[in-house]
Structures are given as C-alpha cells and as structure tokens.
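*Asks:* Numbering (my numbering), first residue to last: 3 to 322.
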Ligand code: MF3
Ligand code: CO
Ligand code: CO
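1) For residue 235, is the classification buried or exposed, using 16 other Cβ atoms within 10 angstroms of its Cβ as the cut-off for buried?
2) Measuring from the CB of residue 251, is there a heavy atom of ligand 2 at a distance below 7 Å?
3) Determine the direct distance from the alpha carbon of residue 83 to that of residue 152, and round the result to whole angstroms.
4) Would you call the region 120 to 131 and the region 267 to 276 in contact, with 3 or more CB pairs under 8 Å?
5) Nearest by alpha-carbon distance to residue 148: which of 96, 240 and 224 is it?
6) Within 10 Å of its beta-carbon, does residue 306 have 16 or more other beta-carbons around it, so buried, or fewer, so exposed?
7) Could you check the C-alpha separation between residue 226 and residue 145 for me, to the nearest Å?
8) CB of residue 157 to nearest heavy atom of ligand 3: below 7 Å?
9) Would you call the region 282 to 300 and the region 178 to 189 touching, i.e. three or more CB-CB distances under 8 Å?
10) With a threshold of 6 Å on Cβ separation, who are the neighbours of residue 310 within its own chain once the five nearest residues in sequence on each side are excluded?
11) Would you call residue 1 buried or exposed, if buried means 16 or more other Cβ atoms sit within 10 Å of its Cβ?
12) So residue 175 is in the alpha helix (DSSP H); what residue range does that whole segment cover?
13) Enumerate in chain order the residues of its own chain whose CB-to-CB distance from residue 36 is below 6 Å, with the five nearest sequence positions on each side excluded.
14) Identify, in the order they occur along the chain, each residue of the same chain with its Cβ nearer than 8 Å to the Cβ of residue 222, setting aside the five sequence neighbours on each side.
15) Under a three-way DSSP split, which group does residue 36 fall into?
16) How about residue 136: is its Cβ closer than 7 Å to a heavy atom in ligand 2?
17) Where do the ends of the alpha helix (DSSP H) carrying residue 2 lie?
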C-alpha cells in the first residue's frame with residue numbers, strides 16, 4: 003500500500019473509526035502511549051488484535067488464496083499474456099464463490115490481480131499485449147475475499163532461463179521476506195521486520211522500496227499497522243501481540259529504492275532507474291510463541307515449504 007496514505011494529520015479522521023478528527027480523538031493517547039497496554043518496551047495496540055472469529059475468517063481466505071496461487075503457478079510460462087493469467091485468477095475465484103479483492107479496488111483498479119514484470123515494482127495492470135518471455139521475472143500478487151475476509155500473497159517467477167543477476171535478485175527477495183517473517187513473535191517491535199530485511203538485502207547491494215509497505219489485513223484489505231521493509235523509528239514503539247495479522251511483502255530493487263508512478267494509468271509503479279525489482283508476500287498471524295504463515299496450502303504446510311524459490315526452503319519452521 004502507498005505509504006503516504008498512512009501519514010495521519012491532526013485534522014484527518016482518527017484511525018479508530020469514531021468519525022472524529024484525530025486531534026480530538028486518539029492523538030494525545032498515541033503521543034503519550036497511554037492507549038492500550040504500554041510498558042518500557044513499547045505499546046500494544048489492542049485494536050490491531052483480531053478476534054478469534056476474525057482470525058478464523060482470515061485463515062480461510064488466506065488458505066483459499068494459496069490454493070489459487072498453486073493453480074496459477076502451472077500456467078506461468080513464456081508465451082502467456084498477463085491478461086490471460088488475470089482471467090484465470092478471476093475465473094477460479096468466482097467459480098469458488100469468492101471475490102478478487104483487487105477488482106475495482108478503491109473504485110478504480112481494473113483487474114483481479116497485479117502482475118509486475120521486470121522493472122515494474124508493484125501494481126502492474128494485466129494486459130493482453132504484455133506477453134511473458136524467456137528471461138523475464140514476473141511478480142503475481144493475488145488477494146481474495148472469502149466470506150468478507152482477506153488473504154494476500156505474491157510470488158516472483160522466473161520465465162525460462164533468466165540471467166544470473168536477475169535470478170539472484172529473485173532468490174534474495176524471497177529470502178528477505180523469510181528473514182522478515184522469521185522475527186515475528188509477541189513482544190517484538192514492528193521495526194524489527196524492516197531492520198532485518200534492509201540489513202539482509204544490503205549485503206548484496208540491493209535496496210528495499212520505501213514508498214509502499216505491508217499492512218494489517220482482515221475484514222479490510224489494507225488495515226493498520228503499516229509494515230515497513232526498511233530501518234525506521236516510526237514503528238519502533240509498537241509491539242507485536244498474539245492475534246495480530248499482517249503482510250510481510252518486501253519489494254527488493256537491484257538499484258535505487260526510488261520508484262515512479264505511471265503518469266497515464268496512475269497504478270503501475272516502476273523503479274526510477276529501470277533496473278529490476280522482485281517481491282514476495284505472505285499473510286502472517288502472530289501466535290502465542292511466534293508466527294503462522296496463513297497463505298499456504300495444506301500440502302505446503304505438510305512439506306514445510308513456505309516459498310517455491312527460497313534457497314533454503316526449510317530454513318524456518320512454519321509454526322514457531
Ligand atoms: N496486493 C497488493 C498488496 O499487497 C495491493 C494491490 S491493490 C490494487 O497490498 F488495487 F493495486 F490491486
Ligand atoms: Co498483495
Ligand atoms: Co499486501
């Protein structure tokens with residue numbers, strides 16, 4: 003999601019949904035940390051904790067979304083258009099009685115998925131004249147609504163034989179997501195995710211995108227908290243707690259972290275230097291002692307595989 007959307011001004015509506023201005027509602031509490039339970043370590047925002055019914059709802063949506071991704075995976079190859087892939091996504095979703103969350107999102111997104119090829123960072127609009135070709139790297143980002151709840155995930159695919167530098171970027175983007183998810187546990191500061199991810203990708207000379215973030219997810223597609231994939235102090239006072247659900251979805255760039263929005267369609271985001279970008283995303287639940295990745299199929303859980311591309315597919319356990 004766009005980062006600026008989350009900057010809350012004094013006169014904006016409060017995050018709590020009261021309909022009051024932020025300054026008349028939770029601003030003071032947020033500033034002195036008295037809202038929710040707060041300690042020397044930080045603040046636990048209770049409104050970010052989902053009810054058992056909501057957790058069940060997101061689990062079902064995320065599991066369906068993972069089965070959909072599994073279905074699509076076999077169709078991703080040279081010669082197929084990104085629009086055809088989008089058609090398959092929409093049809094599979096609707097055939098199962100569910101809703102593609104992207105379609106008409108914010109009153110305007112025209113397709114059922116985001117398909118982002120090479121230098122496209124995110125929100126690539128599927129098109130019939132964008133045909134996947136040997137050497138491309140392509141991210142497919144799918145979100146489903148099942149009984150009113152959302153599940154959101156993405157994967158970057160290698161089309162045929164891909165240049166070594168591109169393949170390395172994709173593998174390390176998967177590993178960056180795994181690093182971020184790996185530190186999720188109760189009592190951990192939200193800033194830890196960005197810290198481990200940025201530390202990880204910098205070892206290879208890569209950067210992580212700052213303008214788009216992960217997000218809480220539940221009845222709404224994009225909820226608080228924003229999840230930053232770079233070192234920051236904004237999220238450092240907020241602590242994870244069991245029942246919180248959010249996405250970890252680092253966009254990893256070969257060159258600069260700076261991005262540019264397409265002037266015409268106002269959706270497609272590209273790297274400013276037109277170098278490659280890769281991304282992976284899972285929806286993650288904070289559990290009593292760690293995390294659970296929700297956007298997995300039963301057979302992926304069985305096999306302990308959290309990513310089709312990770313260099314070390316078993317390098318973290320599914321449930322901590
Ligand atoms: N799935 C994206 C995310 O991970 C959001 C896509 S919104 C759309 O948050 F409108 F571009 F589809
Ligand atoms: Co997504
Ligand atoms: Co997301």
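We treat Cβ as the ideally placed atom computed from N, Cα and C, and that holds for glycine.
*Replies:* A quick look at the data gives this:
1) Classification of residue 235: exposed, given that the 10 Å Cβ count is below 16.
2) Distance from the C-beta of residue 251 to the nearest heavy atom of ligand 2 is below 7 Å.
3) Spanning the two alpha carbons is a distance of roughly 26 Å.
4) Yes, the region 120 to 131 touches the region 267 to 276.
5) When only C-alpha atoms are compared, the closest one is 96.
6) Flag for residue 306 reads exposed.
7) About 17 Å.
8) Taken from the Cβ of residue 157, every heavy atom of ligand 3 lies 7 Å or farther away.
9) Look at the beta carbons and you see the region 282 to 300 touching the region 178 to 189: at least three pairs across the two are nearer than 8 Å.
10) Here the set comprises nothing.
11) Nothing about residue 1 can be reported from this structure: the residues present for the chain run from 3 to 322 only.
12) Here the alpha helix (DSSP H) through residue 175 covers 166 to 184.
13) Low confidence applies to residue 36: its pLDDT is 40, below 50, so where it sits in the model is not reliable enough to give any reading.
14) Excluding residues within five positions, the ones whose Cβ falls inside 8 Å are 152.
15) For residue 36, the pLDDT reaches just 40, beneath the cut-off of 50, and the residue's location in the model is therefore unreliable, although a value from the coordinates is still provided. Three-state result, residue 36: coil.
16) Answer for residue 136: no, Cβ out of range of ligand 2.
17) For the chain, the structure presents residues 3 to 322; residue 2 sits outside this window and is missing.
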